[in-house]
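Counted from 1, the sequence shown has number 75 at position 68 by my numbering; the numbering is strictly sequential. To start, the structure itself, in structure tokens.
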Amino acid sequence: MIIAFEGIEGSGRTTHLNIAKKYLEEEGYGVITFGLQMSKLMGERIRGRTFIGFHDINPRPHTPCPAPHA
């Protein structure tokens, strides 16, 4: 599973990442964190440059409880 945190600088990405990481580790999951620029293979896949082994990646965000629309 890949979980991505997106947002502008200062929006709390790192804070939310650390909260989620701690929770998942407490639940017994192994967690690896990385920046997109640190993962050439994933970065290329997302940019459409390579498809080896990543055919089933769904780029749509998953929100278990979507916010109501205004």
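Here a beta-carbon is modelled for each residue, glycine too, at the ideal position from N, C-alpha and C.
Excluding residues up to 5 positions away in sequence, nothing lies with its Cβ nearer than 6 Å to the Cβ of E16 in the same chain. When the five nearest sequence neighbours on each side are left out, no beta carbon in the same chain lies closer than 6 Å to the beta carbon of G37.
Judged by DSSP secondary structure, E13 falls outside any alpha helix (DSSP H); it is assigned neither H nor E. Assignment of E33 by DSSP, reduced to helix, strand and coil, places it in the helix class.
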